[in-house]
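These protein sequences, in sequence, are chains A and B. For reference, each letter of the first sequence is one residue, going 1 to 22 in the working numbering. For reference, each letter of the second sequence is one residue, going 1 to 129 in the working numbering.
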Amino acid sequence: HEGLVATVKEAGRSIHEIPREE
Amino acid sequence: DALGYVREFTRHSSDVLGNLNELRLRGILTDVTLLVGGQPLRAHKAVLIACSGFFYSIFRGRAGVGVDVLSLPGGPEARGFAPLLDFMYTSRLRLSPATVPAVLAAATYLQMEHVVQACHRFIQASYEP
Chain A
1 HEGLVATVKE AGRSIHEIPR EE
Chain B
1 DALGYVREFT RHSSDVLGNL NELRLRGILT DVTLLVGGQP LRAHKAVLIA
51 CSGFFYSIFR GRAGVGVDVL SLPGGPEARG FAPLLDFMYT SRLRLSPATV
101 PAVLAAATYL QMEHVVQACH RFIQASYEP
């Protein structure tokens with residue numbers, strides 16, 4: 001049951017940032 | 001008399017991700033099979049490379065071009081990897097006290113630092129009264 005799952009929102013960055021081409 | 005007008009569709013990134021997940025579930029344009037704990041998992045290299053430093057280092061170079069089956073020897077077990085693959089495609093990371101050690105190990109292996117930190121916060125919170 002999805003309802004039984006406690007969801008915590010993470011507002012920060014989730015994954016690495018691919019470096020922009022210099 | 002603005003210089004230009006923009007309509008920003010604020011749901012677009014999550015709608016794109018939802019469609020990519022549907023493509024994954026239906027095996028459409030998946031271009032790599034990951035053998036994790038012997039279990040084959042199909043995925044899109046572009047999504048893997050966008051979400052994981054480990055896959056970025058593997059697939060960014062020419063060496064990653066011909067690879068369509070990738071086994072991860074000494075790598076993560078399926079019960080730690082599968083939640084991360086779902087996270088990549090849904091932005092939702094399923095955690096439980098039973099699975100967080102395996103997810104943490106897999107996220108470390110895949111160089112997903114932000115997920116590693118979230119796992120530590122989850123573990124920390126589970127100790128608080």
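Glycine included, every Cβ here is placed at the ideal spot set by N, Cα and C.
Asked                                                                                                             : Found
Proximal residues, the stretch 37 to 67 of chain B versus chain A, C-beta separation under 9 Å                    : 49, 50, 51, 52, 53, 56 and 60
Any C-beta of chain B under 7 Å from that of residue 10 (chain A)                                                 : yes
Under 7 Å between C-beta atoms of residue 102 (chain B) and residue 77 (chain B)                                  : yes
Residue 13 (chain A): contacting residues in chain B (beta-carbon distance under 8 Å)                             : 114
Start and end residues, alpha helix (DSSP H) containing residue 39 (chain B)                                      : Premise fails: residue 39 (chain B) lies in the beta strand (DSSP E), 39 to 43, not in any alpha helix (DSSP H).
Per-residue burial, residue 49 (chain B) [other beta carbons within 10 Å of its own, 16 or more giving buried]    : buried
Residue ranges of each alpha helix (DSSP H) within the stretch 11 to 83 of chain B, 4 or longer                   : 12 to 25, 45 to 51 and 53 to 59
Buried or exposed (CB count within 10 angstroms, at least 16 for buried), residue 9 (chain B)                     : exposed
Proximal chain A residues relative to residue 118 (chain B), where beta-carbon distance stays under 7 Å           : 10
For residue 101 (chain B), the first and last residue of its enclosing alpha helix (DSSP H)                       : 100 to 109
Contact list for residue 91 (chain B) against chain A, beta-carbon separation under 8 Å                           : 14
CB contact flag (residue 71 (chain B), residue 35 (chain B), <7 Å)                                                : yes
Residue environment, residue 83 (chain B), which counts as buried when at least 16 other CB atoms sit within 10 Å : buried
Residue closest to residue 115 (chain B), alpha-carbon to alpha-carbon, out of B:94, B:129 and B:128              : B:94
DSSP state of residue 2 (chain B) mapped onto helix, strand, coil                                                 : coil
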